[in-house]
């Protein structure tokens with residue numbers, strides 16, 4: 001991976017997330033029935049007025065709000081060929097306040113971070129992200145962030161083209 005494309009690749013991944021209205025709704029709506037809401041994707045995008053997607057790790061000291069956040073970033077890179085990264089790993093950290101983990105959507109009880117993970121997998125299934133290629137999801141882990149937030153981490157590798 002060319003280091004000159006690190007930023008644009010993460011931005012392209014975020015833009016792909018914002019194309020899924022149901023995923024946007026799950027990230028931006030803290031109450032029941034998120035799939036039937038219409039949250040403006042621009043509002044939850046980086047620097048939006050209700051920002052919920054961030055290109056860096058979660059701030060473990062954050063406790064100010066009951067909300068869901070999605071953090072998409074590179075945790076580390078291995079160098080190959082003088083300035084090119086080898087296979088890149090991208091983390092998708094779905095961080096949810098414990099008060100809103102369980103919800104009802106379309107009269108069905110669901111667990112918010114697992115539904116968001118499913119929606120992320122659906123959003124990238126059989127899809128090439130512009131300039132990056134295909135994402136291959138290889139692992140998922142439950143993460144404890146602090147006493148108010150816990151999450152679910154999806155780990156993806158990339159195939160550039």
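Numbering (the working numbering), first residue to last: 1 to 161. Ideal Cβ positions, reconstructed from N, Cα and C, are used throughout, including at glycine.
Sequence-distant residues of the same chain with beta carbon closer than 7 Å to residue i, five excluded per side
i, result
"residue 35", "22, 25, 105, 106"
"residue 111", "101, 102"
Residue i versus residue j: straight-line alpha-carbon distance, rounded
i, j, result
"residue 130", "residue 16", "9 Å"
"residue 39", "residue 11", "20 Å"
"residue 140", "residue 124", "15 Å"
"residue 161", "residue 128", "With a pLDDT of only 47 at residue 161, under 50, the local geometry of the prediction cannot be trusted, and no value is derived from it."
"residue 126", "residue 133", "10 Å"
"residue 65", "residue 100", "11 Å"
"residue 148", "residue 61", "10 Å"
Residues near residue i by beta carbon distance below 8 Å, same chain, minus five either side
i, result
"residue 74", "6, 10, 88, 89, 90, 91"
"residue 115", "26, 105"
Residues near residue i by beta carbon distance below 6 Å, same chain, minus five either side
i, result
"residue 48", "42"
"residue 143", "151, 153"
Extent of the continuous beta strand (DSSP E) to which residue i belongs
i, result
"residue 144", "133-144"
"residue 60", "No beta strand (DSSP E) contains residue 60, which DSSP labels as neither H nor E."
DSSP bridge partner residues for residue i (one or two, in chain order)
i, result
"residue 114", "Beta-bridge pairing links residue 114 to no other residue."
Option in the options with minimal Cα separation from residue i
i, options, result
"residue 158", "145, 60, 136", "136"
"residue 68", "86, 45, 50, 97", "97"
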